[in-house]
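Visitor: Residue numbers (this note's numbering): 244 to 986.
Glycine is no exception: its CB is placed at the ideal position from the N, C-alpha and C atoms.
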Amino acid sequence: MSTTPATIIGRPTPRVDGPLKTTGTAQYAADFHFEGMAHAVPVVATVASGRIRNLDTSAAEKMPGVLLVLHHGNIGPLYRTVPGDQNATNSEVRSAFEDDVVRHWGQYIALVVAETLEQARAAAAAVHAECDAQPALLRPGLDDYKDARKTGSTRGDFDSAFKDAPVKLDQTYITPIETHNPIELHASVAVWAGDNLTMYETTQGVVNHRVVMAQTLGVPVENVRVVTRFLGSGFGGKLCPWPHCAMNAVAARRLGRPVKLSVTRSMMFSSVGYRPRTEQRFRLGASKDGKLLALKQDYLNVTSILDDYDEGCAEATPYLYSVANLEVTSGLVHRNFGAPMYMRGPGAVPGLYALESAMNELADELKMDPLKLRILNDAETDEDKKMPFSSRHFRECFEVGAKKFGWERRTPEIGSMRREGKILGWGLAGASWVALSLPCTAHVEFHANGRVSVRSGTQDIGTGTYTIFAQVVHEKTGISLDRIDVVIGDSALPEGPMSGGSMVTGSVLTAIAAASIEAMKKMTALAASTEGSPLKGAKPEDLIFADGRIRKKDQAAGDPEFADILHLARLNGLSAEGKTVPTWENPKAKGVSLHSYGAQFVEVEWEPEIARLRVSRVVTVIDAGRIINPSAAANQIEGAVVMGVGMGLLEETHHDRRTGQPINGNMADYLMATCADTPQIDVTFLDYPDPAMGEYGARGVGEIGLAGVAAAITAAVYHATGVRVRELPVRIENLLESKMLEA
Ligand code: MOS
Numbered sequence: 244m245s246t247t248p249a250t251i252i253g254r255p256t257p258r259v260d261g262p263l264k265t266t267g268t269a270q271y272a273a274d275f276h277f278e279g280m281a282h283a284v285p286v287v288a289t290v291a292s293g294r295i296r297n298l299d300t301s302a303a304e305k306m307p308g309v310l311l312v313l314h315h316g317n318i319g320p321l322y323r324t325v326p327g328d329q330n331a332t333n334s335e336v337r338s339a340f341e342d343d344v345v346r347h348w349g350q351y352i353a354l355v356v357a358e359t360l361e362q363a364r365a366a367a368a369a370v371h372a373e374c375d376a377q378p379a380l381l382r383p384g385l386d387d388y389k390d391a392r393k394t395g396s397t398r399g400d401f402d403s404a405f406k407d408a409p410v411k412l413d414q415t416y417i418t419p420i421e422t423h424n425p426i427e428l429h430a431s432v433a434v435w436a437g438d439n440l441t442m443y444e445t446t447q448g449v450v451n452h453r454v455v456m457a458q459t460l461g462v463p464v465e466n467v468r469v470v471t472r473f474l475g476s477g478f479g480g481k482l483c484p485w486p487h488c489a490m491n492a493v494a495a496r497r498l499g500r501p502v503k504l505s506v507t508r509s510m511m512f513s514s515v516g517y518r519p520r521t522e523q524r525f526r527l528g529a530s531k532d533g534k535l536l537a538l539k540q541d542y543l544n545v546t547s548i549l550d551d552y553d554e555g556c557a558e559a560t561p562y563l564y565s566v567a568n569l570e571v572t573s574g575l576v577h578r579n580f581g582a583p584m585y586m587r588g589p590g591a592v593p594g595l596y597a598l599e600s601a602m603n604e605l606a607d608e609l610k611m612d613p614l615k616l617r618i619l620n621d622a623e624t625d626e627d628k629k630m631p632f633s634s635r636h637f638r639e640c641f642e643v644g645a646k647k648f649g650w651e652r653r654t655p656e657i658g659s660m661r662r663e664g665k666i667l668g669w670g671l672a673g674a675s676w677v678a679l680s681l682p683c684t685a686h687v688e689f690h691a692n693g694r695v696s697v698r699s700g701t702q703d704i705g706t707g708t709y710t711i712f713a714q715v716v717h718e719k720t721g722i723s724l725d726r727i728d729v730v731i732g733d734s735a736l737p738e739g740p741m742s743g744g745s746m747v748t749g750s751v752l753t754a755i756a757a758a759s760i761e762a763m764k765k766m767t768a769l770a771a772s773t774e775g776s777p778l779k780g781a782k783p784e785d786l787i788f789a790d791g792r793i794r795k796k797d798q799a800a801g802d803p804e805f806a807d808i809l810h811l812a813r814l815n816g817l818s819a820e821g822k823t824v825p826t827w828e829n830p831k832a833k834g835v836s837l838h839s840y841g842a843q844f845v846e847v848e849w850e851p852e853i854a855r856l857r858v859s860r861v862v863t864v865i866d867a868g869r870i871i872n873p874s875a876a877a878n879q880i881e882g883a884v885v886m887g888v889g890m891g892l893l894e895e896t897h898h899d900r901r902t903g904q905p906i907n908g909n910m911a912d913y914l915m916a917t918c919a920d921t922p923q924i925d926v927t928f929l930d931y932p933d934p935a936m937g938e939y940g941a942r943g944v945g946e947i948g949l950a951g952v953a954a955a956i957t958a959a960v961y962h963a964t965g966v967r968v969r970e971l972p973v974r975i976e977n978l979l980e981s982k983m984l985e986a
C-alpha cells in the first residue's frame with residue numbers, strides 16, 4: 244500500500260514541542276503575566292431575550308480593587324467587520340455591547356476589571372441588571388420552520404426518480420447542540436504600548452484574529468499583533484475572535500495597563516459557539532438490487548438571532564455516491580442562543596452521520612450487506628462538479644477495514660453475535676472531508692550560530708504542526724531536528740493559515756519546502772562568492788547543500804558547514820521565502836475534485852441485563868494523501884474517534900426552556916467520552932500521495948477521523964439491540980426499548 248520512501252517524511256517522529264509541554268514550559272494565553280496587569284471578569288445576561296432597562300454598577304464600582312466597569316453605555320465605538328471580507332472572519336456579526344438588547348442567555352452585558360481576579364469576580368457578581376424580558380425562541384426542535392428553503396446541489400430529477408424507485412427510505416436524523424470543550428479555556432491578555440496592541444490569545448488563526456481586532460477596535464492593522472504560541476486545542480471554537488477579546492482590549496486601553504480575561508468553563512457553554520442542532524430529512528430511492536436512483540437531503544440548523552450560520556450538512560452528499568438524481572435544500576432556524584461556530588468536521592460530520600445512517604437503513608431494507616451497498620454505489624467521478632477525483636480510495640478504505648475488523652464474520656440478525664455473555668453489534672460508515680491548500684508564506688533562515696529556523700504565521704492547535712514543519716526542514720537540508728527552530732503563532736510572521744479544516748499540513752509544507760530549497764541555493768551561491776571560502780570561485784551549479792554542509796557534487800566530505808560560510812561572509816543569517824499557491828491557482832488541482840476519505844468499523848458490547856452499552860472496538864481506515872508523521876496523524880484520528888464515541892453516546896447541550904441557560908453547562912453534567920469510554924482503536928492510513936496537493940501530496944488529517952463514527956455506532960447499536968436511534972446521542976432510555984432486554 245505505502246509507496247512512501249524511508250525518509251523523515253512518513254516516519255513517526257516524536258513531538259519537538261513535547262518537552263516544553265510536559266515540563267509546563269509552554270506558555271498558553273492565560274500563562275502570560277505582565278507588570279501591573281489587571282483582571283477582567285464578564286457579567287452575563289440571565290434572560291434569553293429582552294432589553295436592559297437598568298444596569299446598576301454602582302455597588303460594584305465601590306468594591307475593593309475595582310478599576311473599571313465597561314458596558315453598552317461607556318464602551319465607546321466598536322465596529323463590525325467588513326461583510327464578506329475573507330481575511331476578517333468573525334464569530335458574531337454584532338460587536339460587544341453594541342446595543343442594550345439581550346438575544347441569548349449568557350450574552351455579555353458588562354465587564355468588571357479589578358486589581359485581582361478575586362476582586363473582579365466579586366464585583367461582577369454585584370452588578371445588577373434589570374431586564375424587560377421578552378418571549379424567547381427556545382424550542383429545541385426545528386420542524387416548525389416554515390420559510391423558503393435554499394436549494395443546494397441539484398442534478399437529474401429527484402421527484403420522479405424517487406416516485407418510481409422500487410425501494411424507498413424517508414427518515415429524519417437529528418444531531419443536538421454540542422459544545423466545544425477544549426482543555427484550554429478561551430483567554431485574552433491585552434497589552435498596549437502607545438497605539439500598538441499586543442494580544443496574547445488562544446486563537447486558531449493569529450493572522451485573521453489580527454485583522455478582525457483591527458477592524459473591530461478601529462486601529463490600523465499594523466498596530467495589532469496577536470501571539471498564540473501554544474493552543475490547548477480548540478475544535479473550531481477558537482477559529483475567530485469572540486466579543487470578550489475586544490472588550491478586554493478596550494479595558495486595557497482605557498486603563499493604560501495590561502488586562503487578562505479568562506472565559507470560565509460555564510461561560511464557554513453560552514458565549515463562544517457550539518455545533519448547532521441539525522435536523523436532516525433524507526430520502527433515498529434504490530433499485531431492488533441496491534443501486535441508488537434518487538437522493539434528497541433537506542437540512543435545517545439552528546443559529547442565533549442575528550447570525551446566518553449555515554452548518555453546511557451537505558458537504559459530502561453531492562459527491563460521495565453515484566446517483567443520477569439528487570437534490571439538497573437547507574434552512575436556518577433563528578433562536579435565542581449565541582452564535583454557532585464550526586466544530587470539528589463542521590457540516591460533514593453531522594451530514595455524514597445522517598447520510599451514512601440512511602445508507603445503513605437502506606441496506607437493512609434491501610437485506611444487503613451495508614459494505615456491499617457502499618461498493619456498489621461508489622462514485623467513479625465527482626458527479627456534482629463533473630470532474631475526476633484527484634485521488635480517491637474510498638472503496639479501498641472499506642475493503643482494508645473490513646479485513647482488519649473481520650467484517651465477513653458478521654451475522655446480520657439482531658442480537659445474533661455474542662462474546663463472553665455480551666451481545667455484540669457491528670456497524671460501519673463512510674467518511675469524507677475537504678482537502679485544500681490555502682495561500683501562505685514561510686521563511687527558512689540559516690543562522691551563524693549553526694541553527695536553522697522556519698517561520699510562518701500559523702499555529703499548532705496540538706496536532707503536531709511544530710514537528711512536521713521541522714521534519715520538512717530536516718528532509719530538505721539534512722540538518723538534525725535539534726538544530727531546527729520552528730517559529731509560529733505570531734501575526735508578525737509571514738502570513739500563514741488558520742489551524743482549521745485540517746488544512747495546515749496541506750498548505751504550509753509546500754511553502755516550507757520551497758523556502759528550504761531557495762535558502763540552500765542562496766547558501767551555495769554564498770559559499771562560491773565569499774572571500775576565504777574553500778569553495779570560492781566554484782560554479783554554484785556544481786555545489787550542493789547536504790547535511791548542513793556545502794560541497795562539490797563529486798566530493799564526499801570535508802567541506803564547510805553553512806555557519807562557517809556565514810562567519811566568513813560576516814552575516815548573521817541568510818533567509819529565503821517560499822510560498823504555497825492555493826488550490827484554486829494550482830494547475831495540478833485544476834479540473835479535479837479533492838477530498839479525503841475513510842471508513843469506520845465499530846463494535847459495541849451490549850449487556851441487556853443492566854442496559855449497559857459500550858463501544859468496544861473501532862477500526863478506522865483513512866485515505867488522506869501522504870502521511871507526514873504517522874504517530875501524530877494516528878493520534879489525531881484516535882482523538883477524533885473518541886470524540887465520535889461522545890457524539891454517538893454522550894454529548895448534548897441542554898437549555899432551560901424558560902431562560903435559555905445551558906443547564907448542563909459544566910464538566911460534570913456535560914458528558915464527554917473520557918479514557919474509560921475509549922475503545923480499542925486501530926488506525927490505518929492508505930498513504931497515497933495526492934498529486935493535486937503540492938510538494939508532498941498530503942491532504943492533512945484530524946477532522947476526517949470523526950466523520951462517520953456516530954453513524955457506525957448507531958448501526959452497531961441497532962445490530963445489537965434492535966433499537967433504531969435517529970436522534971443523537973443514543974440514550975439509555977432508547978435502549979430500554981430493546982427486545983434484547985428479555986433475551
Ligand atoms: Mo476545525 S472546526 O476547522 O477547527
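#1: Under 8 Å by Cβ, that's how I've got Thr300 and Val344 pegged, so tell me the actual separation to the nearest angstrom.
#2: Count the other CB atoms within 10 Å of the CB of Pro593; is the residue buried (16 or more) or exposed (fewer)?
#3: Is the Cβ-Cβ distance between Val312 and Val356 less than 9 Å?
#4: Do Thr753 and Pro851 have their CB atoms nearer than 9 Å?
#5: Is Lys646 helix, strand or coil by DSSP?
#6: With 16 as the cutoff for other CB atoms within 10 Å, does Gly943 come out buried or exposed?
#7: Is Glu427 near the ligand MOS - that is, is its Cβ less than 8 Å away from at least one heavy atom of it?
#8: Alpha carbons only, please: which of Val960, Thr701, Pro932 is nearest the one belonging to Leu848?
#9: What do you get for Cys918, buried or exposed, if any count of 16 or more other CB atoms within 10 angstroms of its CB means buried?
#10: Mapping DSSP to helix, strand and coil, what is Cys683?
#11: Is the closest heavy atom of the ligand MOS to the C-beta of Arg587 under 8 Å?
#12: Does the region 464 to 476 come close enough to the region 434 to 454 to have 3 or more Cβ pairs within less than 8 Å?
#13: Please report the residue range of the alpha helix (DSSP H) in which Ser776 lies.
#14: Our contact map puts Ser836 next to Met630 with C-beta atoms below 8 Å; I'd like the distance itself, whole angstroms only.
#15: Given 8 Å as the limit, tell me if Leu752 has its C-beta closer than that to any heavy atom belonging to the ligand FAD.
#16: Exposed or buried, Ser245, counting other C-beta atoms within 10 Å across all chains shown (16 or more means buried)?
#17: Cα separation between Val464 and Leu310?
#18: May I have the straight-line CA-CA distance separating Gly253 from His487, to the nearest angstrom?
#19: Beta-carbon separation of Asp920 and Arg869 under 9 Å?
#20: Relative to the C-alpha of Leu412, which residue among Gln540, Ile318, Val290, Arg392 is closest?
#21: Using 9 Å as the threshold, is the C-beta distance between Val432 and Tyr443 below it?
#22: How about Arg496 and Leu440: are their beta carbons less than 9 Å apart?
#23: Over the uninterrupted beta strand (DSSP E) stretch that includes Glu846, give me the two end residues.
#24: Is His276 buried or exposed, if buried means 16 or more other CB atoms sit within 10 Å of its CB?
#25: Taking just the CA atoms, how far does Leu605 sit from Pro255?
#26: Do you know whose CA, among Thr706, Arg726, Ile956, Phe580, lies nearest Thr546's CA?
#27: To the nearest angstrom, how far is it from the Cα of Gly658 to the Cα of Ala854?
#28: What is the DSSP secondary structure of Tyr931, reduced to helix, strand or coil?
#29: Note down, in chain order, each residue of its chain lying with its Cβ closer than 7 Å to the Cβ of Leu721, except the 5 sequence neighbours on either side.
#30: Determine the direct distance from the alpha carbon of Lys831 to that of Arg974, and round the result to whole angstroms.
#31: CB-CB under 7 Å to Thr247, same chain, minus the five flanking residues each way: which ones, in chain order?
#32: CB-CB under 7 Å to His810, same chain, minus the five flanking residues each way: which ones, in chain order?
#33: Assign Glu465 to one of three DSSP states: helix, strand, or coil.
#34: Does the beta-carbon of Gln843, which I'm using as the reference point, lie nearer than 8 Å to any heavy atom of the ligand MOS?
#35: On the CB-based measure, 16 or more other CB atoms within 10 Å of its CB, does Lys665 come out buried or exposed?
#36: Quick check on DSSP: helix, strand or coil for Ser981?
Guide: Looking at the coordinates:
#1: With a Cβ gap of about 18 Å, Thr300 and Val344 do not count as contacting.
#2: buried
#3: yes
#4: no
#5: helix
#6: It counts as buried.
#7: For the ligand MOS, not one heavy atom lies less than 8 Å from the Cβ of Glu427.
#8: Note on identity: in this sequence residue 848 is Glu, with Leu being the wrong assignment. Selected option, being the one with the closest Cα: Val960.
#9: exposed
#10: Strand.
#11: yes
#12: yes
#13: Ser776 -> no alpha helix (DSSP H), and no H or E assigned at all.
#14: 5 Å
#15: Absence of the ligand FAD is noted for the structure shown, with the ligand MOS being the only ligands found.
#16: Confidence at Ser245 is low in this model, with a pLDDT of 38, below 50, so its placement is unreliable and the value that follows should be read with caution. Ser245 is classed as exposed because its beta carbon has fewer than 16 other beta carbons within 10 Å across all chains shown.
#17: 28 Å
#18: 41 Å
#19: no
#20: Gln540
#21: yes
#22: Against a cut-off of 9 Å, the Cβ pair of Leu440 and Arg496 comes out as a contact.
#23: 838 to 850
#24: exposed
#25: Approximately 40 Å, taken between the alpha carbons.
#26: When only C-alpha atoms are compared, the closest one is Phe580.
#27: Roughly 14 Å between the two C-alpha positions.
#28: coil
#29: Before going on, a small fix: residue 721 reads as Gly here, not Leu. Ala789, Asp790, Gly791, listed in sequence order.
#30: 47 Å
#31: Confidence in Thr247 is poor, its pLDDT being 38 and thus under 50, which makes the residue's placement too unreliable to answer from.
#32: Counting only Cβ-Cβ distances below 7 Å, and skipping sequence neighbours, we find Ala691.
#33: helix
#34: no
#35: Classification for Lys665: buried.
#36: In this structure, Ser981 counts as coil in the three-state DSSP scheme.
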